[in-house]
Amino acid sequence: DDLTVAGIVFQQDQFFRTIQMGMQAAAEEAGATLLEGNSDSQPDKEISLIDTYIARGVDAIVISPVSGVASIPPLARAKERGIHVVTYNSTIEDDSIPVSYLNSQQRDLGNTTGDMAAAFIRDQLGGEANVATLGFQALLPEISADRVDGFVEKAEEGGTLNIVAQQDAWLAEDAVQVAGDIITANPDLNIIYAANEGGTVGAVQAVRNAGKQGEIFVFGVDGTEQLVGFLLDEDNVLQGVTAQQPFVMGQMAVQSAIAAARGEEVEQTVIVPVLGLSRTDQAGVEEFQDYLRSLN
Amino acid sequence: MALAGLFRRYPMEIILVAMYLYLVFAAPGFATIDNQLNILRNITMMGIIAFGMTMVIISGEIDLSVGSGVAFSGCLTAWVTRELTPFLGPYPSIAIGAVAAMVALAAIGVFTGKLRQHFNMPTFITTLGLLTVLSGAANLITGGFPITSFPYEFSFLGSGFLFGIPFPVYIFVAVFGLVFFLMNYTSFGRSLYAVGGNLEAARLSGIDVWKTKTLALALTGVFTAIAGVLIASQILSGSASAARGWELTVISAVIIGGTSLFGGKGTIRGTLIGVLFLGVIVNGMTLLNVSEYWQLVVRGALIIGAVLMNHMLETQARR
Amino acid sequence: MALAGLFRRYPMEIILVAMYLYLVFAAPGFATIDNQLNILRNITMMGIIAFGMTMVIISGEIDLSVGSGVAFSGCLTAWVTRELTPFLGPYPSIAIGAVAAMVALAAIGVFTGKLRQHFNMPTFITTLGLLTVLSGAANLITGGFPITSFPYEFSFLGSGFLFGIPFPVYIFVAVFGLVFFLMNYTSFGRSLYAVGGNLEAARLSGIDVWKTKTLALALTGVFTAIAGVLIASQILSGSASAARGWELTVISAVIIGGTSLFGGKGTIRGTLIGVLFLGVIVNGMTLLNVSEYWQLVVRGALIIGAVLMNHMLETQARR
Amino acid sequence: MATVETKDLSKTYGTVKALDGVSHVFEAGRIHALMGKNGSGKSTLVKMLSGVVEPTRGEIRLNGEAVKFRGPADAFAKGVVTVHQELSLVAELSVAENVFLGRLPMNRTAGIARIDWSRVYGETRALLDTMAVDIDPHTPVGRLSVGQQQIIEIAKAMSFDPALLLLDEPTSALASKEVEMLFDLLRVLRKRGVTMMYISHRMSELGEIADTVTVLRDGKLVGAVEFDASSNEEIIDMMFGSVARAHRPARATRAKTAAPVLKVRGLTREPAFRDISFDLAAGEVLGIAGMLGAGRTELLRAIFGAEPPDSGEIIVDGATVHRPAPRRMTNLGIGYTPENRKEAGLIQPHSIHANLSLASLPQIAPRGLVTRAAETPGVARQVEHLEIKVGSVDDPVSSLSGGNQQKVVIGNWLNTNPKILFYDEPSRGVDVGAKQQIFRIIWEEADRGVGAIFVSTELEEVLEVCDRILVMREGNLVGELDPTNTTLTELYTACMGES
Ligand SMILES: Nc1ncnc2c1ncn2[C@@H]1O[C@H](COP(=O)(O)OP(=O)(O)OP(=O)(O)O)[C@@H](O)[C@H]1O
Ligand SMILES: Nc1ncnc2c1ncn2[C@@H]1O[C@H](COP(=O)(O)OP(=O)(O)OP(=O)(O)O)[C@@H](O)[C@H]1O
Ligand SMILES: [Mg+2]
Ligand SMILES: [Mg+2]
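Chains as they are written, first to last, in the working numbering: chain L, 1 to 296; chain P, 1001 to 1319; chain F, 2001 to 2319; chain D, 3001 to 3499.
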């Protein structure tokens, strides 16, 4: 049987690109055709993509929905037409639509880094820290809040946290500027937490710009080659990140979709574990680096 | 040759048909009725705005704020609905919200027109500023989270079918008809060409040039609000991230349709073709599973190519 | 009154100073030297492009492709560096990559100019198409992943200090000086104003109008590539998502600085003020920890307000 | 019938008093010529009467009733219709739409009001027929020549059935035949009791139609006289006051032996002109006479390379020019002052200074470097020689009156020290004094060896200025005349053809 699966991401970045690679691997393995779409974080574009795939008559749609509610109507339409919907990374508030939902819990992403920060604050900063966060509120408010709040929640366990600034900056070059501004405004800043990959890169570079290596420490999200490199750099800026496993997530999502389309049972909810990478565990970081290289 | 003559008169139409024929054979699922209706529904929102934009551009102005205008009016409608439903029930609340959005965007159009009139503020810059302001306002209304105050049945407006045709297509056709009539059979419509072609001459002929421009801007505001409500209905919520970047796509459609950016020249029929052109490209490339990266390259190149074709023919004709 | 006269002559300067004074008192850390240097470094990239854009706009054209131009040239440089480093070592590779980016964007500027010349293609639409094409091309080069081929020391270019001043500021000053000289002391500069003010009259006066416009576009391409390399150095990688949406911000800066969108009028000094104005706003609001949503509203409103002020004064003067 | 009265009417632009306390009564049913040198405030007066600009001070009374126009529409409502000095048509729209612009007739079907297009085109056709003008009402106005556009402008004014008709230099783009037609129309209107104000710099026209002459000088009313009770000299004295007027100097009769600097052979650019051949000697002033649309402008522009010719040869200093273009011709020492200064002659937002050194940039800045010091001598020379009335040379050129702007156009080219200069309607909209200055410049330059081609719709000027006259008719070169033994009537007949 010739199955066609539509895989929809909502952004063009390394994370989703890796997910797409996982999807491709799974589709290839199963001999299915994969159609790739990008909704650009816009509900309207997502609708027109889904409708186009419905018109084309795909067997399954694998999607990271832009919004928990806004994405329901088109996916409901897809389900009505007998298309199997699998959500990953983010989902919708109507559980009856997706046959399966795979994610790393966004809050876990924040929590895991938060745990590392708690230990760091307790051991290195004497139980008190001035913290700034960089999110992506204006882009994806729900996810941004989950990560930032998850981080703060756990980090507080390491002592007293003074949140001195909460700003948005998710592109690296914006983050360089915003973090730079925050650093000058707060000479006694200890920690910057950035909730995505671009923000983390920018925050690290901003600390380097300001020559505050060893004074300000960065915690972040995502396990990209560049960030892993930063963890191994000797200037001691980036302390820890939490990597999702996008390749695995994409792979499993498509596998679920194909299984559902073939009438097999699939799990309703699958948690793809996240992976903390800390400067204190250099061996673990190097191992992850090898894994990354094996993907390319 | 007859064909050459036909090509010279209807270049965009012929390119569109050629593309269409190609996709019928090459793109799986393209030729199905479902997919054709799908294309139609997908172009309605941008199309409605593009009809307004055509008037604005012909009058010699521009509106860069339509993208966040859509988001803003969807959010405003959702917010009003949430606040009023306990008192009035859902449908009156939605109606009030939609009207509020139209009034708000029409007022903003009037504001833009007044600044142009009294202080010679280019609409390019006013609406560029408004693009940012409205996006911020939409986020402030929603607090960043989509407002989900609509009853399920409200989705009929954006997603329902009437006699087998998607409901928003009727609205699209109605707006097209209205603008077509305005531009060809009313003095407002003809004044648009005059003020865009030669402002001073229009003024000396006793045309109220500012009323004309302002009306075009306000109408575009109303159309933008209609598109915003339709989008809100499609996604059953008011979302601040809807329609980001639409302004440039809408303007592309208008210009592909042969309207001159410098004002004074253009037709609403052309804009319809331009909107269809862009809609078919996006749909076709998705069905052909062209990679996102190549889609960007192809789309940009086709926009340049289509407008270039128009201009080459015009240059040739003038020789 | 002396103050009123001063205000009429230097409105933007005075608004800038007022804003500055306010921030000195209200924004923690604003008045530190570190922060001032910070502002300077933050504005360099956009500033460099804005200087080119000023010439383009004065010549009566526009360039909407600079945003993805930045991303494209960063990615191209990173790609060339990755491919050549095994053979030539990092620094020659970076140099070749940077030159390749400049040549590529200059060539694209020439292409835009040629289309304008031979087919009367509005640069608005050509560069709008290029905006999409270049963004696709940047993604194709990188395959979606940032290319991290630069050695650590390369970050000096974008992030380093020389005599206590951020290094990119020197480049910024050099580009400003160059453009200032071109616009005020060369026939090229004089021709820019002439072709933007009245194309036909300039042509009949023996000015090579197309060479003039094309040169402005090509120079902007080169400046865009420089900014792209600086950004790549700041983030130590070539990323296809860099600088998205910059085109509109850069144009805002130019227009805030008093350059007319219709061509023929403007100064490079004004653009410097416009760039500073936007840079100070962003910095100030970050220091004041204004929420992202309010930042959008305030930024848009200030852009409108500043340009409006200029226009009000001009309207008044003409009475 | 409309009596117009102005009371202390004034308009100031910044510090310029364009019109200064003018109080006067223009009697009903007559044609009032409004005279005055460039920048004396004529257009400003007309603009206030037509609601285009608001007075700074003073009031306007129509038939004894004070009126306040908030825009042109208010003026139309009172029957005040204007043909403005600068053409004001929408190039993209058709002739008929332009005629009815702002007041398109409507009809009603099924309760919906819509434009009655058949009436728009039908009535325009009829109107143009009564004026004996052969232009298709469907033609976009942008395709018409300047002269044809001027006729449409007049047709538009006629179609209003005005009570007060204001004509600001309506004939500056018209040739004799069209001028005659216009005057016939004006006489018919006068019979119907329409009051008219008529601005012109052509003294000879006054005798044909003017009933009274009202003269302005520097924004002030000098006085008004019955035309029959005055002489040209008297009027000119009123216009210029005690300032001495330039007179035509004895023209040095040049030896015709000088080698030709420009040779044109078989030049063709369809449909404008075909097979044009002539020689131009150094120091010669060659006139080209012809009626409206004869193809003179097109010919000059083709030689200058503004629109390259289809075929034929252009030989400058014995060398054939391949692919002529303005830049190449400028480098060869040829200059061209265009007939429509606003569209083709000036960079409006530019300063007077920059406009005067535009064409000569290659000389001023041989290596591309422009310095103020290098520019200033040329600018100062032209301001002085052409007596351009400027506040400061750094003011935008748009702040000058029409005539002074024309002088800037010419000054721009004189600064290139051309070997050959084409003057296309150089006296359009220029007052008598300035006109004489411009002619004097043409002669002086010719004496220094500059070959000139002079095109003017005013045949008297062609006779006065030129050493030799070529006659063009419908794109063909039909004859050559010697001005010293040609009368105006002969020249006119040659331009009109046998019929
Ligand atoms: N918009 C304006 N801004 C500033 N000054 C102006 C403006 N319009 C006219 N002027 C000035 O007002 C004066 C009168 O100009 P006006 O156009 O009425 O003269 P005119 O008598 O019609 O001259 P011409 O015969 O050259 O057309 C001139 O000095 C002119 O420079
Ligand atoms: N843009 C144009 N498109 C089409 N035909 C034109 C255009 N410009 C001029 N013509 C035609 O070319 C012919 C010559 O016009 P041209 O302007 O050279 O005449 P002219 O003798 O200079 O008269 P004038 O300048 O007084 O109108 C006319 O028949 C005119 O209708
Ligand atoms: Mg005048
Ligand atoms: Mg002519």
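Glycine included, each C-beta is placed from N, C-alpha and C at the ideal position.
May I ask which residues mark the beginning and end of the beta strand (DSSP E) holding residue i?
i                 : result
GLY3025 (chain D) : At residue 3025 (chain D) the sequence reads Val, which differs from the Gly that was named. 3016–3026 is the extent of the beta strand (DSSP E) around VAL3025 (chain D).
TYR88 (chain L)   : 84–88
LEU3009 (chain D) : 3004–3013
ASN162 (chain L)  : 160–168
ASN130 (chain L)  : 128–135
If you measure from the CB of residue i, is any heavy atom of ligand 1 nearer than 7 Å?
i                 : result
TYR2965 (chain D) : This structure cannot settle anything about residue 2965 (chain D), because the visible part of chain D is limited to 3001 through 3499.
VAL3016 (chain D) : yes
LEU3400 (chain D) : yes
GLY3036 (chain D) : yes
TYR3013 (chain D) : yes
THR3044 (chain D) : yes
ASP3020 (chain D) : no
GLY2274 (chain F) : no
SER3040 (chain D) : yes
ASP174 (chain L)  : no
ASP3431 (chain D) : yes
GLY3241 (chain D) : no
GLY3403 (chain D) : yes
How about residue i and residue j: do their beta carbons lie closer than 8 Å?
i                 : j                 : result
LEU2227 (chain F) : VAL2070 (chain F) : Note on identity: in this sequence residue 2227 (chain F) is Ala, with Leu being the wrong assignment. Yes; because the gap between Cβ atoms is below 8 Å, this pair is in contact.
MET3196 (chain D) : MET3131 (chain D) : no
GLY1263 (chain P) : GLY1221 (chain P) : no
TYR2293 (chain F) : ASN1139 (chain P) : yes
ALA2155 (chain F) : ARG2082 (chain F) : A quick correction: the sequence has Ser, not Ala, at residue 2155 (chain F). No. Outside cutoff.
VAL3285 (chain D) : PHE3422 (chain D) : no
LYS3263 (chain D) : ASP3275 (chain D) : no
ARG1041 (chain P) : ASP51 (chain L)   : yes
ALA3494 (chain D) : GLY3475 (chain D) : no
VAL1056 (chain P) : THR1224 (chain P) : no
ASN3412 (chain D) : ASN3355 (chain D) : yes
What are the boundary residues of the alpha helix (DSSP H) that residue i is part of?
i                 : result
ARG3190 (chain D) : 3176–3191
GLU2200 (chain F) : 2199–2204
MET2012 (chain F) : 2011–2026
THR1112 (chain P) : 1090–1119
VAL3083 (chain D) : Not the alpha helix (DSSP H): VAL3083 (chain D) falls in the beta strand (DSSP E), residues 3080–3083.
GLU3425 (chain D) : First-last for GLU3425 (chain D): undefined, no H or E at that position.
For my contact list, residue i and residue j are in at a C-beta cut-off of 8 Å; report their separation, rounded to the angstrom.
i                 : j                 : result
ALA2218 (chain F) : GLY2074 (chain F) : Actually they are not in contact, since the Cβ atoms of ALA2218 (chain F) and GLY2074 (chain F) sit about 19 Å apart, beyond 8 Å.
ALA195 (chain L)  : VAL148 (chain L)  : 5 Å
LEU1296 (chain P) : THR2127 (chain F) : LEU1296 (chain P) to THR2127 (chain F), Cβ: 15 Å. No contact.
ALA2027 (chain F) : LEU2287 (chain F) : 4 Å
PHE180 (chain L)  : ALA138 (chain L)  : With the sequence shown as reference, residue 180 (chain L) is identified as Gly, and Phe is not the correct amino acid for it. So it is not a contact: roughly 19 Å between Cβ atoms.
Residues in the region 3368–3386 of chain D having any Cβ partner in chain F nearer than 8 Å: GLY3368, LEU3369, VAL3370 and THR3371
Under 7 Å (Cβ pairs) to chain P, residues found in the region 3073–3095 of chain D: ALA3073, PHE3076, HIS3084, SER3088, LEU3089, VAL3090, ALA3091, GLU3092 and LEU3093
Where the region 2290–2301 of chain F meets chain P: residues whose CB sits under 9 Å from a CB there: SER2291, GLU2292, TYR2293, TRP2294, GLN2295, LEU2296, VAL2297, VAL2298, ARG2299, GLY2300 and ALA2301
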